[in-house]
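Under our numbering, the sequence shown has 222 at position 215, and the numbering climbs by one with no breaks.
The C-beta atom is built at its ideal place from N, Cα and C for all residues, glycine as well.
These numbers come from a predicted model, not from an experiment.
Working notes, beginning with the structure itself.
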Amino acid sequence: MDDAKSTRRCYGAEDVARNRLLFPDPSQERERLRLSQACNLPFSRGSRRAARLRFFGCPPFRFFLLVFSFLDDHPRRWMSNESDLQDAVGSVRASNYISIAVFVWGLYDHIICIDEEVAWYTSVRLNKSKIAYLVNRYTFLTAFSVRVATALRLGPDYDSVCRPVTIFLLFSNILLHTIANIAMVLRVRALFEHHRTIKRTLYTSVVLYILLSVTVVVVTWRHGIRAFPGLLPILPGCFAIPPKSYWAAFVVDFMFDAFIFSLTTLGICAWRSRLGFQSPSRAMPLTTHLLNAGIGYFAVITASLAFAVVVSFTSWTRVLAPTGFTVAVSSLASSRMLLALHKKLEDRPQPAIDIPSIELTAAVSTRFQAAPQRGSDEPRRTVDATVEDRNRVLESRMDDEVPAVAHTLTQYSWESHYAHLRPSSRTEMELESR
């Protein structure tokens, strides 16, 4: 009788070793380890160390885990039989393939845009938008290089490879989303340059977004980093288990993006109504392009986040979650939008006019600061102009004009109160003053 009980007990331990140790429950791991050792079941070194794991080992995140411990939800147990194990193996392989495809997509986008990037670097001094672009672009390449390198490695060790890599990828995702959103905040800040309340609201929203993102990731993923299946040493890559509340991070991203997009639309529409242009696409080409690009960006981000939320409630979440698909979409869309705005400035139809400054000037002041020609002793004069005069100037080509103080598009510098035009002759300046 005792032998029969022992046999049944060891059969149960073998099932634990094959399946449940892939998703260990901290409250039962010691008993599982002791039982399996008593039955002489093989355990990998990574599984032994995983049995002693309770929290993230990174000290800065222990605080979040303790404060939000009441939100604990036990990890899902998918491994109940052999078919579930086979499904998990297929999910890991599919996830690795998608990760490689996303990395190739990002690398291809970087290669085809390298000439535009070099032109941007050499034509504009270092500024906030350029720093955001560089961090966004090369953090993406670094993070997905690590992701692909891990996916191609056979049987990586849990403590030395899988766990630190997973933590790095999670927080690189936060960084990429944050940088993409900061690039949008810079655009909105320029639209509301003289509204202190809105600017302070923007800064506060960025800080809250970062804190919420870190908190949500730490709380939801603390049970999502598990030991790699030592029973399947031929399987490449690491196995990250998406938690039940995996979709919460997407909701935070959507709320912030919707807030920024709403402010962008409000600011541009306010400028248009105050300017009174009958043909905004010609008179305000950059702001019109910014609005169109913002609509496209928000539509793409919303679609990708909605898709990820829907998938998080299905079994396909095991495939999509470790790939960083939504992060890649956000990062690449933000990079392309910044490059498109810079190219719009370079290809503008009125090369002699600093369009962003004039668009701001038309809404803020009815006076231009007209500078004399080079080499002339004539002092700078203030020139009055009506909205109709300004429309006529904007809609006409001024090929003989000398460019004025050039604000970079990347900052969308609408910070000055006056645009600076350099008429080619005194007669033109007098005509404009009428």
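Here the C-alpha atom of THR321 lies approximately 45 Å from the C-alpha atom of LEU133.
Using a C-beta cut-off of 8 Å, the stretch 262-280 makes contact with the stretch 191-200, since at least three inter-stretch Cβ pairs fall below that distance. Close CB contacts of ALA255 within its chain, under the 7 Å cut and outside five residues either way in sequence, are with VAL223, THR227 (chain order). Secondary structure in the stretch 300-324: no beta strand (DSSP E) run of 3 residues or longer lies completely within the stretch. Comparing alpha carbon positions, the residue from LYS350, LYS351, ALA335, THR330 closest to SER102 is THR330. Per DSSP, the continuous alpha helix (DSSP H) segment holding PRO171 begins and ends at 170-198. Judged by pairs of C-beta atoms under 8 Å, the stretch 147-156 touches the stretch 328-344, as three or more such pairs exist. By the Cβ criterion, the stretch 113-131 is not in contact with the stretch 164-176, since fewer than three pairs of Cβ atoms, one from each stretch, lie closer than 8 Å. The beta carbons of HIS117 and VAL334 sit no closer together than 9 Å.
Out of MET191, THR211, ASP260, TRP278, the CA that lies nearest to the CA of ILE302 is found in MET191. Counting only the Cα atoms, THR129 lies some 17 Å from ARG144. Rounded to the nearest whole angstrom, the C-alpha separation of ALA277 and ALA158 is 49 Å.
Here SER269 has no same chain residue with a Cβ atom under 7 Å from its own Cβ, once five neighbours each way along the sequence are excluded.
Each residue's CA atom was taken as its position, placing TYR216 and ASP260 some 8 Å apart. For LEU133, no alpha helix (DSSP H) segment is defined, and its DSSP state is neither H nor E.
In this structure, DSSP gives HIS296 a helical state, which the three-state scheme calls helix. Per DSSP, the continuous alpha helix (DSSP H) segment holding LYS206 begins and ends at 203-228. Closest option to SER98, judged by alpha-carbon separation, among THR149, TRP323, LEU348, PHE257: TRP323. C-alpha of VAL142 to C-alpha of SER337: approximately 14 Å in a straight line. In the structure shown, CYS276 adopts helical secondary structure according to DSSP, grouped into three states. ASN188 sits away from VAL225, with the two beta carbons spaced by 9 Å or more.
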